[in-house]
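Taking it in order: structure first as structure tokens, then the write-up.
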Amino acid sequence: MLPNHQSITRQDIARLFNLPLMDLLMQAQSVHRQHFRANEVQISTLLSIKTGNCPEDCGYCSQSGHYRDKTGLTAEKRLEIQKVLASAKRAKASGSSRFCMGAAWKHPSAKDMPYLVELIREVKALGLETCMTLGMLKPDQAQTLADAGLDYYNHNLDTSRNYYSQVTTTRSYDDRLETLEHVRNAGINVCSGSIVGMGESRDDRIDWIHELTTMPIPPQSIPVNLLVPIKGTPLGDKVLEEGRLSVIEWIRTIAVTRICCPTSYVRLSAGRESLTDGEQALAFMAGANSFFYGDKLLTTGNQSQANDDRLMAMLGLTAEKPTPKPKIVNAMTGKAEFDDLPQGCPLSA
1 MLPNHQSITR QDIARLFNLP LMDLLMQAQS VHRQHFRANE VQISTLLSIK
51 TGNCPEDCGY CSQSGHYRDK TGLTAEKRLE IQKVLASAKR AKASGSSRFC
101 MGAAWKHPSA KDMPYLVELI REVKALGLET CMTLGMLKPD QAQTLADAGL
151 DYYNHNLDTS RNYYSQVTTT RSYDDRLETL EHVRNAGINV CSGSIVGMGE
201 SRDDRIDWIH ELTTMPIPPQ SIPVNLLVPI KGTPLGDKVL EEGRLSVIEW
251 IRTIAVTRIC CPTSYVRLSA GRESLTDGEQ ALAFMAGANS FFYGDKLLTT
301 GNQSQANDDR LMAMLGLTAE KPTPKPKIVN AMTGKAEFDD LPQGCPLSA
């Protein structure tokens with residue numbers, strides 16, 4: 001038993017990381033089965049609605065304008081709404097229940113908001129859950145997206161506070177936490193995860209998970225990315241020279257995340273394109289219960305849909321259907337509360 005989620009210590013998390021792998025996987029799978037259907041996974045599709053020339057300097061990202069001369073990525077303007085909707089229809093037909101839209105911005109501008117509102121409404125009208133990742137948000141922007149019906153907002157912490165300066169210098173760790181607070185207060189489900197394998201230590205991974213457990217309501221969705229090293233980016237070049245993090249350590253991170261946040265969705269995101277069937281099966285055994293469909297994640301490769309369909313059939317996994325996620329705004333505090341699962345970490349695990 002772990003204590004109240006806000007009382008979980010770094011020592012608790014470190015003990016989990018140090019368990020023999022089979023013991024850790026068994027515990028993670030047991031926790032998973034207490035809160036989710038054992039063999040059901042949530043499937044999302046991710047589309048870049050504005051690609052490249054981002055003013056941020058995230059050291060892992062090919063979309064940063066700081067590295068465009070080295071990565072060779074061509075910047076693109078915002079996608080037309082009808083093109084986005086065509087992609088959303090294909091996503092639904094393929095079995096996705098959530099459609100995620102990402103834009104390479106530091107933050108959306110005022111002129112972008114009507115475009116985003118229309119996208120949310122039109123995609124929801126197709127019967128899909130909606131998610132966006134657009135950079136930092138102001139309180140009024142978060143509320144506008146909430147009023148349009150946005151279900152999830154993604155804003156990753158990426159790593160620990162201690163290692164963060166090695167990843168990004170153009171926004172602070174507190175900037176990220178502030179955006180997540182605005183999203184929560186607007187009544188939007190929070191999606192926030194990490195990228196492991198950027199040169200951080202296990203202590204950094206422990207600190208990142210601890211950060212999740214100290215939030216008022218930990219993220220409803222937690223992507224655990226395995227870095228795809230992109231030539232021309234600082235962190236990509238570093239990892240290509242020094243070697244990638246072991247897949248087993250990534251799987252350990254998934255399992256510990258599942259145990260510490262048992263009712264959050266834990267998503268397999270970037271990094272799957274190079275994994276074997278067996279490695280992906282271990283990730284699901286570790287408590288992952290969500291992944292991205294599609295041959296491409298923003299600008300990086302992904303497993304093909306055919307491979308994913310084959311793997312799901314082989315493992316006996318089925319796709320979760322879209323479900324309404326009602327929110328209630330507390331009249332006393334003006335802040336959002338949630339009356340459904342997943343709600344992040346419960347009082348005990």
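The numbers in the sequence shown follow UniProt numbering, run straight up by one, and end at 349.
Every residue gets a Cβ at the ideal spot worked out from N, C-alpha and C, and that includes glycine.
Asked                                                                                                                                                        : Found
Does the count of Cβ pairs from the region 28-36 and the region 194-206 closer than 8 Å reach three?                                                         : no
Please state whether DSSP places GLU320 in a helix, a strand or coil.                                                                                        : coil
By Cβ distance below 8 Å, which residues in the same chain neighbour LEU19 in space, the five residues on each side in sequence not counted?                 : GLN27
Identify which residue in LYS50, SER304, ASP237 has its Cα closest to the Cα of THR276.                                                                      : SER304
Quick one: what does DSSP say TYR293 is sitting in, helix, strand or coil?                                                                                   : strand
By DSSP, does ILE248 sit in helix, in strand, or in coil?                                                                                                    : helix
Is it a yes or a no for the region 103-113 touching the region 53-60, going by three-plus beta-carbon pairs under 8 Å?                                       : yes
ASP151: which of GLY127, PHE17, TYR173, PRO139 sits nearest, CA to CA?                                                                                       : GLY127
Can you tell me whether DSSP reads ALA14 as helix, strand or coil?                                                                                           : helix
Taking the alpha carbon of LEU245 as the point to measure from, which residue in ASP175, GLN166, PRO229 has its own alpha carbon closest?                    : PRO229
Hey, quick one: how far does the alpha helix (DSSP H) through MET101 stretch, first residue to last?                                                         : Here MET101 belongs to no alpha helix (DSSP H); instead the beta strand (DSSP E) covers 98-103.
Pull up the CB-CB distance for PRO218 and SER264, whole angstroms please, since I reckon it's below 8 Å.                                                     : 6 Å
Determine the contact status of PHE17 and ARG267, defining contact as a CB-CB distance below 8 Å.                                                            : no
Between which two residues does the beta strand (DSSP E) harbouring ILE43 extend?                                                                            : 40-50
Between the C-alpha atoms of ARG258 and GLY287, what's the straight-line distance to the nearest angstrom?                                                   : 6 Å
From GLY59 to GLU242, what does the alpha carbon distance come to, in whole angstroms?                                                                       : 16 Å
If you reduce the DSSP assignment to three classes, tell me which class GLU129 lands in.                                                                     : strand
Based on the DSSP secondary-structure assignment, which residues constitute the bridge partners of ASN154?                                                   : CYS191
CA-CA distance, SER221 and LYS83?                                                                                                                            : 27 Å
Expressed to the nearest angstrom, what Euclidean distance is found between the alpha-carbon atoms of ASP140 and THR74?                                      : 32 Å
Using a Cβ-Cβ cutoff of less than 8 Å, which residues in the same chain neighbour ARG161 once the five nearest sequence positions on both sides are dropped? : TYR173, ASP207, GLU211
Distance, Cα to Cα, ILE13 vs TRP250?                                                                                                                         : 15 Å
Grab me the residues of HIS35's own chain with a C-beta within less than 6 Å of its C-beta, minus the 5 sequence neighbours each way, in chain order.        : PRO262, THR263
So ILE120 and GLY149 are in contact, right, with Cβ under 8 Å, and what is the actual spacing, rounded?                                                      : 6 Å
Whose C-beta lies closer than 7 Å to the C-beta of TYR163 among residues of the same chain, with five residues either side of it excluded?                   : GLU200, ASP204
Closest by CA to ARG78, which one among VAL256, LEU177, MET113?                                                                                              : MET113
Within a Cβ cutoff of 7 Å, which residues of the same chain sit near ALA88, ignoring the five residues on either side of it in sequence?                     : PHE99, VAL123, LEU126, LEU128
Tell me whether SER348 sits in a helix, a strand or coil according to DSSP, three-state version.                                                             : The predicted model places SER348 with a pLDDT of 34, which falls under 50 and marks its position as unreliable; any figure quoted below should be read in that light. Coil at SER348, not helix or strand.
Using alpha carbons as the reference points, say which of THR130, VAL117, SER109 lies closest to ALA91.                                                      : THR130
First and last residue of the beta strand (DSSP E) that includes ASN225?                                                                                     : 221-226
So for VAL196, helix, strand or coil by DSSP?                                                                                                                : strand
Using C-beta distances below 8 Å, list every residue in its chain close to LYS138, excluding the 5 sequence neighbours before and after it, in chain order.  : HIS107, HIS182
Pick helix, strand or coil for VAL123, following the three-state DSSP scheme.                                                                                : helix
Which same chain residues, not among the five before or five after LYS50, have their C-beta less than 6 Å away from its C-beta?                              : ARG78, ALA103, ALA104
Taking all protein chains shown into account, decide if ARG176 is buried (16 or more other Cβ within 10 angstroms of its Cβ) or exposed.                     : buried
Let me make sure I understand the geometry here. Which of ALA313, LEU157, SER97 has the alpha-carbon closest to that of SER44?                               : SER97
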